[in-house]
Amino acid sequence: MILRNFVHESFQLPFILFMVAIAIIMIWRPSTNPQKRMYEVLIITLLRRKGAYCAIDNDQ
0 MILRNFVHES
10 FQLPFILFMV
20 AIAIIMIWRP
30 STNPQKRMYE
40 VLIITLLRRK
50 GAYCAIDNDQ
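Letter 16 of the sequence shown, counting from 1, is numbered 15 in numbering that gives the first Met the number 0, and no numbers are missing.
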C-alpha cells in the first residue's frame, strides 16, 4: 500500500477515515450556493480577487 511510505502504520486507519470524510465534504453541495460543489466554492474563494468582491446580503 502506498500509505506505508507517507503515513505511520498506527495512523493509517484514522488517516483513511479522515480522507474519506474530507472527500465527502468536498463533493457536498453547500446550502449557500447549491449550483456549486464545496471544492468549487473553495477554489473560487481562494482564487478570487479580494478587491472586487462584494457579498450580497438577502436579509436587507
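Cβ atoms here follow ideal geometry from the backbone N, Cα and C, with glycine treated the same way.
| Asked | Found |
| --- | --- |
| Quick one, which of Lys49, Ile23, Leu2, Ile55 has its alpha-carbon nearest Phe14's? | Leu2 |
| As an exercise, report each continuous alpha helix (DSSP H) stretch of at least 4 residues that is fully enclosed by the region 1-56, in chain order. | 2-5, 11-26, 37-46 |
| Whole angstroms are fine: how far does the CA of Lys35 sit from the CA of Phe17? | 23 Å |
| Expressed to the nearest angstrom, what Euclidean distance is found between the alpha-carbon atoms of His7 and Ala54? | 43 Å |
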